[in-house]
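Single-structure report; data block below.
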Amino acid sequence: MTTENTIRDSVRESYAARARTFLNPADIIPLTAAEPAACCSAEGACCATSASAAEQGYKAEDVGALPADITEMTLGCGDPLSIAGLQPGQRVLDLGSGAGFDCFLAAKKVGDTGWVIGVDMTPEMLSLAWKNAARTGAHNVEFRYGHIEHLPVEAESIDVVLSNCVINLSPDKPAVFREAFRVLKPGGKFAVSDIVADREIEPAAQANIGSYCECVAGASEESKYLADLSAAGFREVRVTGRVPYADVPGSGAKTWSVKVEALK
Ligand SMILES: C[S@@+](CC[C@H](N)C(=O)[O-])C[C@H]1O[C@@H](n2cnc3c(N)ncnc32)[C@H](O)[C@@H]1O
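Mapping of the sequence shown onto the numbering used here: residues 13 to 276, in sequence order.
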């Protein structure tokens, strides 16, 4: 049976494998994590392995200042910063921050008086993000170890929640939305890129863990995703961009990369 822990362990190992290709073993910080289950594929299946930052919609002037390998390491499916409207001085949280790409871009936008927190559950990804932070000299960014379903972030402390191609990987999306709502200040903004499906994906297709780790099989039906955000307390929930992503193996469902915004 595919339990929530099995899914998380497989997702973690998949992204750990990806991060290890950019790390020396000595750079990996030994955080205490649940023992990962078998990897979903030998190489580690991941989202958007071939999409460059430009293909994801980022403007060259925004990404140009970052080292090329950080730009190449983005595993997102869109550009959540394009709908975030970040302002100097804001506190920003990135759910599933990976190697830190969106955090570094956000850090530039919020400036010296702002602060950016990335949260990720994969020690290898956090190790890479911390290494990248040192290389870029970003001094207004931190990365925290945790699950996006139980955020290590205090209530009502964040102006904008970002996320790029991560919530589809969560086996408990309503919990992620409740946590995003909890940590946002009143009036705060939820601005994410993510994958949704045109229908509910059948359990048998969802159990394809390789497809799940590739950000396809775990996608919610779009209307359910939006309803779960509303149920968490968000208002003005809307999709502001939608491009085709991939068909779901073993299902008639299709997925879309969407930009979703909402307000607390
Ligand atoms: C597809 S990658 C996206 C990384 C980053 N947002 C980007 O655009 O490059 C997914 C990331 O989310 C993390 N992740 C997946 N599920 C998570 C969860 N439940 N809690 C915390 N992090 C999670 C993985 O470790 C991985 O770093």
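We treat Cβ as the ideally placed atom computed from N, Cα and C, and that holds for glycine.
By the Cβ test, the region 216-234 is in contact with the region 256-271, since at least three Cβ pairs between them sit closer than 8 Å.
Distances from the CA of threonine 252 to each of Lys236, Ser94, Ile160, Asp240 were compared; the closest alpha carbon is that of Ser94. Counting every other CB atom within 10 Å of its CB across the protein chains shown gives lysine 185 a total of 16 or more, marking it as buried. Counting only runs that start and end inside the region 192-216, the beta strand (DSSP E) elements of at least 3 residues fall at 196-209. Taken through DSSP and simplified to helix, strand or coil, aspartate 124 comes out as coil.
When the Cα atoms are used, methionine 137 and proline 92 turn out to be separated by approximately 20 Å. Contact annotation, phenylalanine 113 with isoleucine 160: C-beta distance approximately 17 Å; criterion of less than 8 Å not satisfied. Inter-segment contact for the region 37-44 and the region 144-154 is absent: fewer than three beta-carbon pairs are separated by less than 8 Å.
Using a Cβ distance threshold of 7 Å, isoleucine 207 and alanine 244 do not count as a contacting pair. The nearest non-hydrogen atom of ligand 1 is less than 6 Å from the C-beta of histidine 159. Ranked by Cα distance from alanine 203, the first of His162, Leu275, Ala217 is Leu275. Taking the CA atoms as reference points, phenylalanine 155 sits about 21 Å from glycine 90. Per the coordinates, the alpha-carbon of glutamate 73 lies some 11 Å from the alpha-carbon of leucine 117.
When the Cα atoms are used, aspartate 132 and glycine 158 turn out to be separated by approximately 6 Å. In this structure, the beta-carbon distance from alanine 217 to alanine 229 falls below 7 Å.
The DSSP-derived three-state label of serine 263 is coil.
Taking the Cβ atoms as the reference, valine 178 lies roughly 18 Å from glycine 200, outside the contact range of under 8 Å. If you draw a 10 Å sphere on the C-beta of glutamine 99, you find fewer than 16 other C-beta atoms in it, and that means exposed. Beyond the five residues adjoining it in sequence on each side, alanine 150 comes within less than 6 Å, by CB distance, of Phe116, Ala119 in the same chain, given in chain order.
Secondary structure at valine 272: strand, using DSSP grouped into helix, strand and coil. Distance from the CA of tyrosine 70 to the CA of asparagine 152, rounded to the nearest whole angstrom, comes to 21 Å. Residue state for valine 165 is assigned as coil, using DSSP reduced to three classes.
A Cβ-Cβ separation of about 6 Å places serine 109 in contact with alanine 141 under the 8 Å criterion.
Boundaries of the beta strand (DSSP E) harbouring aspartate 171: 170-176, taken from the DSSP string.
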